[in-house]
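A short worksheet on the structure shown next.
2 protein chains.
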Amino acid sequence: MKDNKEVTIYDIAEALEVSPSTVSRGLKGHQSISSDTKKKVKAQAQKMGYRSNIFAKNLRRKKTNTIGVIVPKLNSHFMSSAIAGMEKIANENGYNLLISQSLETEQKEKTNVETMFENRVDGLAVSLAYDTNDLSHFDPIIENDIPLIFFDRVGYYKSAANVIIDNFQAGYQAVTHLLEQGCKRIAHITGNLSRNVYEDRLKGYKKALSDYDISFNPEYLIQNDLSDEAGVEAAKTILDMKPLPDGIFVTSDSPAIACMNTLKKQKINIPADIAIVGFNNDPIASYIEPKLTTINYHGTEMGKVVARNLINHLKGDYNISVTNTIILGTELVIRASSQRKP
Amino acid sequence: MKDNKEVTIYDIAEALEVSPSTVSRGLKGHQSISSDTKKKVKAQAQKMGYRSNIFAKNLRRKKTNTIGVIVPKLNSHFMSSAIAGMEKIANENGYNLLISQSLETEQKEKTNVETMFENRVDGLAVSLAYDTNDLSHFDPIIENDIPLIFFDRVGYYKSAANVIIDNFQAGYQAVTHLLEQGCKRIAHITGNLSRNVYEDRLKGYKKALSDYDISFNPEYLIQNDLSDEAGVEAAKTILDMKPLPDGIFVTSDSPAIACMNTLKKQKINIPADIAIVGFNNDPIASYIEPKLTTINYHGTEMGKVVARNLINHLKGDYNISVTNTIILGTELVIRASSQRKP
DNA sequence: TTGAAAGCGCTAACAC
DNA sequence: GTGTTAGCGCTTTCAA
Numbered sequence: 602m603k604d605n606k607e608v609t610i611y612d613i614a615e616a617l618e619v620s621p622s623t624v625s626r627g628l629k630g631h632q633s634i635s636s637d638t639k640k641k642v643k644a645q646a647q648k649m650g651y652r653s654n655i656f657a658k659n660l661r662r663k664k665t666n667t668i669g670v671i672v673p674k675l676n677s678h679f680m681s682s683a684i685a686g687m688e689k690i691a692n693e694n695g696y697n698l699l700i701s702q703s704l705e706t707e708q709k710e711k712t713n714v715e716t717m718f719e720n721r722v723d724g725l726a727v728s729l730a731y732d733t734n735d736l737s738h739f740d741p742i743i744e745n746d747i748p749l750i751f752f753d754r755v756g757y758y759k760s761a762a763n764v765i766i767d768n769f770q771a772g773y774q775a776v777t778h779l780l781e782q783g784c785k786r787i788a789h790i791t792g793n794l795s796r797n798v799y800e801d802r803l804k805g806y807k808k809a810l811s812d813y814d815i816s817f818n819p820e821y822l823i824q825n826d827l828s829d830e831a832g833v834e835a836a837k838t839i840l841d842m843k844p845l846p847d848g849i850f851v852t853s854d855s856p857a858i859a860c861m862n863t864l865k866k867q868k869i870n871i872p873a874d875i876a877i878v879g880f881n882n883d884p885i886a887s888y889i890e891p892k893l894t895t896i897n898y899h900g901t902e903m904g905k906v907v908a909r910n911l912i913n914h915l916k917g918d919y920n921i922s923v924t925n926t927i928i929l930g931t932e933l934v935i936r937a938s939s940q941r942k943p
Numbered sequence: 602m603k604d605n606k607e608v609t610i611y612d613i614a615e616a617l618e619v620s621p622s623t624v625s626r627g628l629k630g631h632q633s634i635s636s637d638t639k640k641k642v643k644a645q646a647q648k649m650g651y652r653s654n655i656f657a658k659n660l661r662r663k664k665t666n667t668i669g670v671i672v673p674k675l676n677s678h679f680m681s682s683a684i685a686g687m688e689k690i691a692n693e694n695g696y697n698l699l700i701s702q703s704l705e706t707e708q709k710e711k712t713n714v715e716t717m718f719e720n721r722v723d724g725l726a727v728s729l730a731y732d733t734n735d736l737s738h739f740d741p742i743i744e745n746d747i748p749l750i751f752f753d754r755v756g757y758y759k760s761a762a763n764v765i766i767d768n769f770q771a772g773y774q775a776v777t778h779l780l781e782q783g784c785k786r787i788a789h790i791t792g793n794l795s796r797n798v799y800e801d802r803l804k805g806y807k808k809a810l811s812d813y814d815i816s817f818n819p820e821y822l823i824q825n826d827l828s829d830e831a832g833v834e835a836a837k838t839i840l841d842m843k844p845l846p847d848g849i850f851v852t853s854d855s856p857a858i859a860c861m862n863t864l865k866k867q868k869i870n871i872p873a874d875i876a877i878v879g880f881n882n883d884p885i886a887s888y889i890e891p892k893l894t895t896i897n898y899h900g901t902e903m904g905k906v907v908a909r910n911l912i913n914h915l916k917g918d919y920n921i922s923v924t925n926t927i928i929l930g931t932e933l934v935i936r937a938s939s940q941r942k943p
């Protein structure tokens, strides 16, 4: 930043022989300024190459028009879509996004929260890291009345709003679908069960089974980190099961695909021998063979909802913590990997 | 943000019966302060729940420790990786990222630049929108000595640094590979040729052909917007060509795959009838059948390089515009879609 | 090693 | 409709 002589409202005031306040008011179209002066002020500002000093403004107004965003990883299909959605809404409303990633660790997440706090974001949107247990690092945020929204991976935390999908319903739907296709022994591959998303999907899985009078078999529950390697490992575990499961509900597409490919290599026929349902509707899901049945939910939409709520709250339109949880719809996308009947 | 009584250095000064300047110095570990006072100051700050006011600081220091990033779209594999890379480096160096997307339009890009300027980012990293022609909206950036780096999709613009991959070389390599596989009639599907990336890849394509004494046939050059639909259309165009091409170099994976699938439906054997090479090494490339040969380049790496250079420049380690263009390596990933020989 | 004081550029309460 | 004035909280020169 060049430090030689930025043009200030004083310079404009001087040139126009009015007071700085008149300039300040004129610039932002304050009502009690004659439209004549307004025009003059703006013209002069333009002419002198004036740009408002945002620090001074923030210093006075105590707000930044910036929304902080902390996500586990920026480069996933879902997250980048969610951020794209937030960016769009934020931008339309004159807000900026300050973005950081926790890289799935609680430690980094804490630092991120501090940074956001230091930078005095007006609001904060967070999707929790994989291993975050303690949420006390959000205390300063709440204590300072900074509106906080968790999205997708949310925590049980006072006075924060949540934007999530109906994970229970989605899990229920996925497993019911498998049951309808005639599956009797359905395995479930999932992640850290203290994350709401996986916990709720598991509940949906159990409920669907019980609705079909099938009792939950803990052996069929495989828990890992949902990496591709974990998908391969899970496939091996499943191949060792006796009797062999005839259906799998995997709580993420990418390990689902890794798992499916491994099974295929062992001459397992998908979906005839084992039907598979994933989660996320990643682009890959419709590119592989057989195409993967999965749960679709719109990241962009979720991002928009998050930003919209945060901004409405900041504008004072309504209080965010009243609307405590917003649940977005999902849909089951049925493709070849699970479809046994026409 | 709560507006009731934030703790300031004055409060600390008062409590400790020292001057504000001493507190200011103590807090940042200034050399000319006794380590005893430093300790006291820090302890007191901690005790009173002090947090520095970043606006006041910025107002004085005229810098924000923020780097602006403008990309066409956040939610592509490459871009989100690049941003993840930047975020990492920025964060390690105490910088924040202010991110916005141009959604591929020059108009939005202009607004974004203005916003970045208004927000006084210390540096700016930009990947150009698909349809940006005129670069004059970057003039204020340069005029105010804000370091500017273009990455991936760069422009010919004075005093901005570029971080790119060697598109010429990559195109050359891709096409040479097709030629080595025995292709004689190679079509090329590409995008807006006023974007360096596509322009240079085309040059590489031509050079490879000429090295094999094959003259460039403009009929084989298909230009579109690189969407999936465009890939399907391109496939149809190709099917109408007589003689049929026996190789295609597509300058992006996703239309390459759309194109390949369309060809497959018409009973074209890939790679026997037509060999295909894509570009980007998107995750899908290795999931489809046949797996797609493509050019790999690391978004994360590029993001890191961009951030590192910007920050080094800001720290005064060296001048960015001297190192005008940084070229990162790519590699050809040979997979089934192009491999005719073992 | 510490303090006094000026000022970064803007806003808004209050006065006219 | 416009001007005066007092800060917002911090840094930094200069002086002690």
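Those protein sequence lines, which keep their order, are chains W and Y. Per my numbering: the first sequence ends with 943, consecutive numbering throughout. Per my numbering: the second sequence ends with 943, consecutive numbering throughout. For every residue, glycine included, the Cβ atom is placed at its ideal position computed from N, Cα and C. Keep in mind that this is a model prediction, so the values were computed, not measured.
Minimum Cβ-Cβ distance from residue i to chain W less than 9 Å
i: Y/Ile889; result: yes
i: Y/Met842; result: no
i: Y/Asn920; result: no
i: Y/Met649; result: no
i: Y/Arg721; result: yes
i: Y/Ala657; result: yes
i: Y/Ala937; result: no
i: Y/Ser681; result: yes
i: Y/Thr777; result: no
Spatially closest choice to residue i from the options, by CA coordinates
i: Y/Pro846; options: Y/Pro819, Y/Asp874 and Y/Tyr731; result: Y/Asp874
i: W/Lys785; options: W/Ala683, W/Asn793, W/Asn692 and W/Ala876; result: W/Ala876
i: W/Val764; options: W/Ala771, W/Gln770 and W/Gly756; result: W/Gly756
i: W/Lys625; options: W/Leu704, W/Leu827 and W/Ala646; result: The amino acid at residue 625 of chain W is misidentified as Lys; the sequence shows Ser. Of the listed residues, the one whose Cα sits closest to W/Ser625 is W/Ala646.
i: Y/Ile839; options: Y/Asp854, Y/Asp883 and Y/Pro819; result: Y/Pro819
i: Y/Lys641; options: Y/Glu890, Y/Asn659 and Y/Glu615; result: Y/Glu615
i: W/Lys807; options: W/Ile655, W/Ala771 and W/Pro891; result: W/Ala771
i: Y/Val714; options: Y/Ala685, Y/Leu749 and Y/Glu618; result: Y/Leu749
i: W/Leu779; options: W/Glu710, W/Asn768, W/Met649 and W/Thr895; result: W/Thr895
i: Y/Leu893; options: Y/Phe880, Y/Pro844 and Y/Lys905; result: Y/Phe880
i: Y/Ser554; options: Y/Asp883, Y/Ala657, Y/Gln867 and Y/Lys868; result: Residue 554 of chain Y cannot be examined here, being either before or after the span of chain Y that is shown, 602 to 943.
Sequence-distant residues of its chain with Cβ nearer than 7 Å to residue i (five each side left out)
i: Y/Ala836; result: Cys860, Thr863 and Leu864
i: W/Asn666; result: Gly695, Tyr696, Asn697 and Asp723
i: W/Glu800; result: Leu794
i: Y/Tyr651; result: Val608 and Ile613
Spatial neighbours of residue i in its chain, beta-carbon cut-off 6 Å, leaving aside the 5 residues before and after
i: W/Asn797; result: Val755
i: W/Ser682; result: Gly900 and Thr901
i: Y/Phe751; result: Val727, Ala761 and Asn763
i: W/Thr623; result: none
i: W/Glu707; result: Ala730, Asp732 and Thr733
DSSP bridge partner residues for residue i (one or two, in chain order)
i: W/Ser701; result: W/Ile671
i: W/Val642; result: None; W/Val642 has no bridge partner.
i: Y/Leu822; result: Y/His789
i: W/Gly904; result: DSSP lists no partner for W/Gly904.
i: Y/Ala876; result: Y/Gly848
Contacts around residue i, its chain only, beta-carbon distance under 8 Å, and the 5 residues preceding and following it disregarded
i: Y/Ile668; result: Met687, Ala691, Tyr696, Asn697, Leu698, Leu699, Val722, Asp723, Gly724, Leu725, Ala726, Ala908, Leu911 and Ile912
Where residue i falls: helix, strand or coil (DSSP)
i: Y/Leu929; result: strand
i: Y/Ala835; result: helix
i: Y/Ala726; result: strand
i: Y/Ala761; result: coil
i: Y/Ala857; result: helix
i: Y/Ala583; result: One cannot answer for residue 583 of chain Y here, as it falls past the ends of chain Y, which runs 602 to 943.
i: Y/Thr791; result: strand
i: Y/Ile815; result: coil
i: Y/Asn768; result: helix
i: Y/Thr706; result: coil
i: Y/Gly686; result: helix
Beta carbon proximity, residue i to chain Y, threshold 9 Å
i: W/Phe880; result: no
i: W/Phe718; result: yes
i: W/Gly832; result: no
i: W/Glu688; result: yes
i: W/Gly900; result: yes
i: W/Tyr611; result: no
i: W/Thr665; result: yes
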